[in-house]
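Participant: The structure follows.
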Amino acid sequence: MTRIVCIGESMVEMAPLETPGTYRMGFAGDTLNTAWYLAKLLGDRARVDYFTAVGTDPVSDQMLDFLTQEAIGTANILRRSDRTLGLYMIQLQNGERSFSYWRGQSAARTLAQSGQDIATALRGADIAYFSGITIAILSQHDRETLMTALEEFSTSGGEIVFDPNLRPKLWTTPQDMTQAIMDAARLSDIVLPSYEDEATWFGDQSPEDTARRYAQHGAGIVVVKNGPGEMIVHSDAGLSRHQPEKVSAVIDTTAAGDSFNAGFLASYIAGGPLDQAIAAGARLAARVVTYRGALVEEAVLGHELAG
Ligand code: ADP
């Protein structure tokens with residue numbers, strides 16, 4: 023059975039309810055969102071584990087309970103008695119969502135202090151999945167520790183999947199970000215960028231440029247997502263173009279990219295050809311954007327792994 027380890031930060035999410043000043047508490051984060059969709063889509067066909075660091079407080083316990091309940095493995099998650107989870111709050115103003123974050127001292131920032139802990143989490147796994155946010159929250163030293171552990175995983179036959187998820191606010195300078203992103207991409211077999219961010223921070227003139235840049239750095243498969251626009255894919259077969267599903271009423275694009283990645287990977291893991299995996303990713307994302315929130319149970323119902 024395929025085992026996937028998703029590495030990153032899961033935060034407490036406070037989402038506003040109708041009565042002003044009231045919120046619903048949940049858990050979310052880019053790599054967690056992907057892990058959640060992967061576990062739902064793959065069921066018994068795969069084992070999905072999450073690797074992060076959390077506190078020893080009751081809220082951290084609650085998050086681990088949530089992951090367990092959603093069939094995501096927590097066995098290797100690190101516990102830090104002096105830290106807790108990061109948190110974000112969603113504000114709604116005239117229908118627009120804005121986000122405030124408290125994550126500067128989150129436990130997840132310590133997830134890569136020990137290469138041994140990462141090696142333990144990856145032992146026996148087939149796929150490691152991480153993102154630009156995973157590396158953005160680490161110190162340079164810990165980032166290098168993570169890169170070394172991933173390199174060893176790759177050398178021993180593991181497959182690495184990376185979503186650059188560019189978040190300049192989490193980096194000291196844009197140069198630090200682009201440098202670290204390309205270092206991470208160099209280790210990765212599959213890279214799943216979003217064109218809008220890439221164009222802004224790498225100066226790519228087209229999605230084809232983005233695909234070529236990552237392919238030239240060694241990625242075997244690059245899928246360039248582009249919101250409602252055409253996706254550009256680079257693989258052994260060269261460049262190809264794929265139309266996403268048409269969505270007439272987009273409600274909330276939160277986790278569009280994260281769910282695309284899960285739909286794509288689930289189909290790829292199930293042995294589907296690349297075209298079908300891309301179609302499956304786009305189909306899931308198209309349903310996710312028609313609901314509010316990151317983790318959309320309804321979007322998964324009836325989803326076929328084949329495109
Ligand atoms: P991110 O959420 O990382 O910014 P994108 O916005 O590029 O990612 O979207 C990821 C995928 O979600 C797209 O490739 C597409 O399949 C789907 N998607 C996003 N927005 C739309 C939309 N407005 N209409 C149809 N599909 C969409």
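Letter by letter, the sequence shown follows residues 23 to 329 in this note's numbering. C-beta atoms are modelled at their ideal positions from N, C-alpha and C, and glycine is treated no differently.
Going by Cα to Cα distance, which pick from R305, P229, G154 and R67 is closest to E31?
Facilitator: For E31, the nearest C-alpha among the options comes from G154.
Participant: The beta strand (DSSP E) spanning H264 covers which residue range?
Facilitator: G260 to H264 is the span of the beta strand (DSSP E), which, as asked, contains H264.
Participant: State the Cα-Cα distance for the pair E326 and A302, rounded to the nearest angstrom.
Facilitator: So the two alpha carbons sit approximately 7 Å from each other.
Participant: May I ask you to check if the CB of M253 is nearer than 6 Å to at least one heavy atom of the ligand ADP?
Facilitator: The answer is yes for M253.
Participant: For T96 and G324, what's the separation of their Cα atoms in angstroms?
Facilitator: Rounded to the nearest angstrom, the two C-alpha atoms are 27 Å apart.
Participant: Going residue by residue through the segment 176-253, where are the continuous alpha helix (DSSP H) segments of at least 4 residues, counting only ones entirely within it?
Facilitator: Taking only runs of at least 4 residues, the alpha helix (DSSP H) segments lying wholly in the segment 176-253 are 196-208, 217-224 and 229-238.
Participant: With a threshold of 6 Å on Cβ separation, who are the neighbours of A93 within its own chain once the five nearest residues in sequence on each side are excluded?
Facilitator: Correct list, in chain order: A61.
Participant: In the structure shown, what three-state DSSP assignment does E118 receive?
Facilitator: Three-state result, E118: strand.
Participant: Flag F224 as yes when its Cβ comes closer than 6 Å to any non-hydrogen atom of the ligand GTP, and as no otherwise.
Facilitator: Ligands in the displayed structure: the ligand ADP; the ligand GTP is not one of them.
Participant: Using a Cβ distance threshold of 8 Å, determine whether the segment 112-124 contacts the segment 50-61, with at least three qualifying pairs required.
Facilitator: Short answer: they don't touch.
Participant: Since S153 is in the alpha helix (DSSP H), which residue starts that stretch and which ends it?
Facilitator: Run containing S153: none in the alpha helix (DSSP H); it sits in the beta strand (DSSP E), I149 to S153.
Participant: Output the distance between the C-alpha atoms of D226 and Y313, rounded to the nearest integer angstrom.
Facilitator: Approximately 31 Å, taken between the alpha carbons.
Participant: For A304 versus L63, is the C-beta spacing smaller than 7 Å?
Facilitator: No, the pair does not count as a contact, with Cβ atoms beyond the cut-off.
Participant: Three or more C-beta pairs closer than 8 Å, one from the segment 166-179 and one from the segment 196-209: is that the case here?
Facilitator: Enough Cβ pairs lie closer than 8 Å, so yes.
Participant: Identify, in the order they occur along the chain, each residue of the same chain with its Cβ nearer than 6 Å to the Cβ of A410, setting aside the five sequence neighbours on each side.
Facilitator: There is no way to answer for residue 410, as the model of the chain reaches only from 23 to 329.
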